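If you count the sequence shown from 1, position 48 lands on 32 in my numbering, and the numbers rise without skipping. Inspection log for the structure reproduced underneath, given as structure tokens.
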Amino acid sequence: MRPDGTKLSRVVIRVYPDRRNKEESSSIQLDTFSDKIYFDVKEIYEEAEEKGFNINPADINHENDG
């Protein structure tokens, strides 16, 4: 809330390393999500789309999976 009494809206992006465990989480700044994560995921999706979503499971990088 601002000093003049008006409310300030805020977007919070909450991330969970394990989607089954809602106790452990972190937040990501909207700028980081918009500038980095969104476009990284979009690029991966477009590559999969070009391949007709036929992806060899051996080619999947699981190094950073949660």
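Even glycine gets a Cβ: it sits at the ideal position worked out from N, Cα and C. Note that the coordinates shown come from a computational prediction; the quantities given were computed from them, not determined experimentally.
_Reduced DSSP secondary structure (H/G/I, E/B, other) of isoleucine 21_ = In the structure shown, isoleucine 21 sits in a helix (DSSP, three-state: H, G or I).
*Quick one: what does DSSP say isoleucine 12 is sitting in, helix, strand or coil?*
DSSP places isoleucine 12 in strand when its eight states are reduced to three.
*Looking at the unbroken beta strand (DSSP E) that takes in arginine -2, where does it start and where does it end?*
It spans -3 to -1 - the beta strand (DSSP E) in which arginine -2 sits, taken as one unbroken run.
_Please confirm whether phenylalanine 23 has its beta-carbon closer than 8 Å to some beta-carbon of chain D._
Given the protein chain composition of this structure (a single chain), no chain D is represented.
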